[in-house]
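The opening residue of the sequence shown carries number -2 in the numbering used here; numbering runs sequentially from there.
Each residue gets a CB set at the ideal place from its N, CA and C atoms; glycine is no exception.
Computed from a predicted model, the values in this text were never measured in an experiment.
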Amino acid sequence: MSDAAMRVSVLASGSTGNAVYVEAGDTKVLLDAGVGIRQLQAAFKEIGVSLETLDAILVTHEHSDHVRGLAALLRRVSVPVYATAGTWSQIASASEGCADLVARTIGAGVPFTLGALTCEPFALSHDAEEPVGFSLYAGGRKLVLATDLGYASARVKEVTKGADAYILETNHDVEMLRAGPYPWHLKRRILGDKGHLSNAHAAEYLLDVMGEATGEVYLAHLSQENNRPDLAHHELARALLSVHREVRERVQLYETRPDGPTPLADVGAKHSQIS
Ligand SMILES: [Zn+2]
Ligand SMILES: [Zn+2]
């Protein structure tokens, strides 16, 4: 395993669009391209990274809030794209017009290496063809991307245990969702086993998987209709406090934004000033 420190920025997060940037040494990858090319370029500029230096794009699943910007991005940068066979079967159109597309097929439970980064996809319960989350390893650190899951299976918990940092779905507040404007079939979909993780379920999951090393949690994929950042923050803070005051003090909770990046930060830089 490489000694290169891992750094992360959640470039955009929410029901409207998702993208995460991760680097380790000279290795630079984008996880999902669910926002338009202009927003992506602006986010990269804000964190001081050139889009042209990307090495790879990893795609979690085919929903538009994860691949909306992929085709436009591939017209600008020629990098391999990694996705499961099921996801590839759904995003073929994203590669139209990209004659030199390098499509790599990955599978849950089969780790692969990208320069200084080791990437381990894991299967998620979500209403897509073959969705995955990722555990990323570099420099002795572990970063987990776990969004778009109806619930956290025993297997998901096993492979995501003890990470230094989590990008964790806190999609909705159950009461807000129930009382909100969505039609019933959509509410049922979101609340179901193949939907999205609520604040409360995210808190439960975090308590199950976090360990001594866990110091950073990014509250991700918030619904703008059915959640508020303060509700997600409060629910997780309360859960951490229920374990121990020291745990609450150790674990930093970071809000993410649909329209801008979080500062590029070291994974495992507990208590360091991030903003
Ligand atoms: Zn999504
Ligand atoms: Zn999705």
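| Item | Value |
| --- | --- |
| In the DSSP assignment, find the alpha helix (DSSP H) that holds GLU43 and state where it starts and stops. | 34 to 44 |
| What do you reckon, are the CB atoms on GLY177 and GLY147 nearer than 8 Å? | no |
| Compare the Cα-Cα distances from THR57 to each of GLY130, SER10 and ASP263 and report the closest residue. | GLY130 |
| Can at least three beta-carbon pairs, one atom from the stretch 124 to 139 and one from the stretch 193 to 202, be found at a separation below 8 Å? | no |
| Taking the beta strand (DSSP E) that ARG138 falls in, what are its first and last residues? | 138 to 143 |
| Quick one: residues in its chain with C-beta nearer than 6 Å to the C-beta of GLY257, no 5 flanking neighbours on either side, listed in chain order? | none |
| Please return the same chain residues whose Cβ sits closer than 7 Å to the Cβ of GLU59, not counting the five positions on each side in sequence. | THR84, GLN87, ILE88, ALA125 and GLU126 |
| Taking its Cβ as the centre, do 16 or more other Cβ atoms sit within 10 Å of PRO118, making it buried, or is it exposed? | buried |
| Rounded to whole angstroms, what's the CA-CA distance from PRO180 to LEU111? Just pull it up for me. | 42 Å |
| So what does ILE103 bridge to, in DSSP terms? | THR81 |
| Would HIS241 be called buried (16 or more neighbouring beta carbons within 10 Å of its own) or exposed? | exposed |
| Can you give me the C-alpha to C-alpha distance between PRO255 and ASP62, rounded to a whole angstrom? | 11 Å |
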